[in-house]
Structures are given as C-alpha cells and as structure tokens.
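J.: My questions will all concern the structure given below.
In our numbering, the protein residues as written are 1 to 332.
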C-alpha cells in the first residue's frame, strides 16, 4: 500500500485488509515521505496486528518507487496492491488467489471496482475487460484493463523477469508494468467480481493529474505499437498515435495518416497473446472519426488516391464516414 499524505483515508484502507476472509496475508504500508500524520494514522489503524508492516521513506519518491519498495519487501506467494484511499471488499484476496490457483500461467490479475466519493451515485462501477487476448489488446486504449488498485501478481514471475514499476513515469505506471508482464510471456486477466471500492476525491492522483496522463498515454501507445509492430516505421507510428492527441495536418497530411494506418493494418504483429483484431478495429474506428473532420475538404484527386491505395478495411471505414464516393465505374 503506497501512501502519501493519506491520513484522511488510510485507516479505512488498512481496516479493509484486516477484514479479509483470507487470513494468511501481510500488509506492507509504504509511507512515501508524507508531511501529514499518515505514518501515525497507519500505526494506530494497525494496532497490535503483527501482519501489518510499516516502511517509511525519508522523502517523497512517487507512487512507482513506493510500490517497488513494498513489492521488494513482500514475502508472500502473491503480491497485491491497494491504494491508500481505497477499500478492499472482504473477499478480494481470496477471490484473486483462487484465480491464480486455477491457472499456473496467470501472472497478473485485477478485478472490477465500485467507484465512490462526493457527488457520485452509489451504483457507479468500473467494469474491466476479461480474457488474456482482449486485455492485452486493450492495453493500447489505456482504459478498462487492470486498475492499479486491484492488481495482484505472481511474485515468482515478476522477480524472475525483473519486472518493476518505472519510477521515471509520472502516470500510467500500471500500464507499463502490465506491458512488461506481457513481453515476458505472462497471462493477464480480471476476476469477474467487484472486489475493490475506489474512492475519488479532490486530492487523489486521478483527479488532479489529467495534464500528465494525456502525454504519458501518448508515449505509452507509441511504445506499445513499436513492440507489437517492430517492422513499422516510427514515423507511421507517430502518425497513427497522433490521431488521438495533436493531429494537426492538412489534406495531404491526412493522406499520410491514411497510408500509415493502412500499413499498420497490413503489418504482421509479434505475438504476445494480444488479439490483433481488437487493436486494428480500434485504430480504424479512430481513423473514421478523424475522417469526419475532412469531409468536404478533399478534392477528387485526394479521394481517388485514397480509393486506389486504401485496403478494404480502411476503405470500408471511410465509406462509413461518408468520405469516399461510391465507385460507379462499370466493368467492361
């Protein structure tokens, strides 16, 4: 449990672990250089429970470094992470351990979560993708994969492959961590149960660092495409990813984007277990959305170039966006 200035909620988080139906656990709380009473509040919440261990970092090093410190100190067969402002439901540990027992290939598992906080309805839930292939493919989206606050990993796997959180990453550290597991050959999945209650409030990371999350996601997507498609030109990767972020091109530039997407669709992906059809559909759908911006801006020569060069999948997507004219040329 990495914790920074979490005195308001850390007591609830610790209590939720102490209330688990699975009793064979240890909780490692890493106080990441807090300037409030986080450490003292954690001590009070732990009481005389010897299963709770506290580590205090001298200065604030960030959530990745704090998570690594906790993972390094862990002695269990499986390592779970929970945020200091969240709550684990009583069966969280038992349900995830059972999933690992069922599959020796499983290296990481998450779960669905209930989201609560001020001005939120009680029935808001974050349901995550299930299945190794779909999950790995949807890492590219960056959402609905495995929430960092629900993550559990097989300790032997991450240590054998030297997998750690990147302490140079300001956000999306859980996505990078899952990619390392994927590259090492591990399977990932989500338990089909709501096992964690995720609190949203003014001071937590996800509420205050949207400015950091977007650039980090852009860098992450480029890295992931380079892993999956090593034969793809880096400039093509830049053009594909720019569709979600800062695409500022004229009509000729849009043609370059179409060609880049077309080359990605045609490229052979390295097999890490990901469902490549999910990746391609996601990219092609975005191209169709971007094409809406160019409706009426392309002249006949541009449209003819797209019609000739685009693959059937790209052509179908642009037809759906009503960008390409129907080819009425009669066969002779």
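We treat Cβ as the ideally placed atom computed from N, Cα and C, and that holds for glycine.
Every value quoted in this text rests on a predicted model; they were computed, and no experiment measured them.
Evaluate contact between the stretch 41 to 56 and the stretch 25 to 33, counting only Cβ atoms and requiring at least three cross-stretch pairs below 8 Å.
T.: A contact exists between the stretch 41 to 56 and the stretch 25 to 33.
J.: Please give me, in chain order, every unbroken run of the alpha helix (DSSP H) with length at least 4 that falls completely inside the stretch 51 to 102.
T.: Runs of the alpha helix (DSSP H) inside the stretch 51 to 102: 63 to 73 and 92 to 102.
J.: Leaving out five residues before and five after residue 7 in sequence, what residues of the same chain have Cβ atoms less than 7 Å from its Cβ?
T.: Here the question's residue 7 lines up with position 7 in the chain shown. Correct list, in chain order: 36, 37, 38 and 41.
J.: So residue 239 packs on residue 256, CB below 8 Å; how close in whole Å?
T.: Start at 1 with the first residue of the chain shown, and residue 239 comes out as number 239. Start at 1 with the first residue of the chain shown, and residue 256 comes out as number 256. That belief holds up - the Cβ atoms of residue 239 and residue 256 are roughly 6 Å apart, short of 8 Å.
J.: Count the other CB atoms within 10 Å of the CB of residue 245; is the residue buried (16 or more) or exposed (fewer)?
T.: The residue given as residue 245 occupies position 245 in the chain shown. With fewer than 16 Cβ atoms within 10 Å of its Cβ, residue 245 is classed as exposed.
J.: Buried or exposed: which applies to residue 160, given that a residue is buried once 16 or more other Cβ atoms fall within 10 Å of its Cβ?
T.: Here residue 160 refers to the residue found at position 160 of the chain shown. Looking at its Cβ environment, which holds fewer than 16 other Cβ atoms inside 10 Å, residue 160 is exposed.
J.: Just to confirm the assignment, what range does the beta strand (DSSP E) spanning residue 32 have?
T.: The residue labelled residue 32 in the question sits at position 32 within the chain shown. Note, residue 32: beta strand (DSSP E), 27 to 32.
J.: Within the chosen definition, does the stretch 118 to 126 reach the stretch 175 to 192 through at least 3 CB pairs nearer than 8 Å?
T.: Cβ pair count under 8 Å is below three, so no.
J.: Starting from residue 236, trace the alpha helix (DSSP H) both ways and give me its first and last residue.
T.: The count along the chain shown starts at 1 and reaches residue 236 at position 236. Here the alpha helix (DSSP H) through residue 236 covers 234 to 242.
J.: How would you call residue 67, buried or exposed, if buried means at least 16 neighbouring beta carbons within 10 angstroms?
T.: What you label residue 67 is simply residue 67 of the chain shown in a count that begins at 1. Buried, because 16 or more other Cβ atoms sit within 10 Å of the Cβ of residue 67.
J.: Check this for me: beta carbons of residue 95 and residue 191, under 8 Å apart or not?
T.: Position 95 of the chain shown, counted from the start, is the residue given in the question as residue 95. Position 191 of the chain shown, counted from the start, is the residue given in the question as residue 191. Yes. Within cutoff.
J.: Per DSSP, residue 10 is paired with what?
T.: One-based indexing of the chain shown puts residue 10 at position 10. Residue 10 is not bridged to any residue.
J.: Considering only the alpha carbon of each residue, which of 156, 133, 218 and 247 lies closest to residue 172?
T.: Position 172 of the chain shown holds residue 172. Nearest of 156, 133, 218 and 247 to residue 172, Cα basis: 218.
J.: Report all residues from its chain with a CB closer than 8 Å to the CB of residue 105; omit the five preceding and five following residues, and keep chain order.
T.: By one-based count along the chain shown, residue 105 stands at place 105. Cβ within range, chain order: 186 and 187.
J.: Between the beta-carbon of residue 137 and the beta-carbon of residue 276, is there less than 8 Å?
T.: Within the chain shown, residue 137 is the residue found at index 137, counting from 1. Within the chain shown, residue 276 is the residue found at index 276, counting from 1. Cβ atoms of residue 137 and residue 276: closer than 8 Å.
J.: Measuring straight from C-alpha to C-alpha, what distance separates residue 140 and residue 223?
T.: Counting from 1 along the chain shown, the entry for residue 140 is found at position 140. Counting from 1 along the chain shown, the entry for residue 223 is found at position 223. Straight-line Cα distance between these residues: approximately 10 Å.
J.: Do you know whose CA, among 32, 15 and 20, lies nearest residue 5's CA?
T.: Taking the first residue of the chain shown as position 1, residue 5 is located at position 5. Per the Cα distances, 32.
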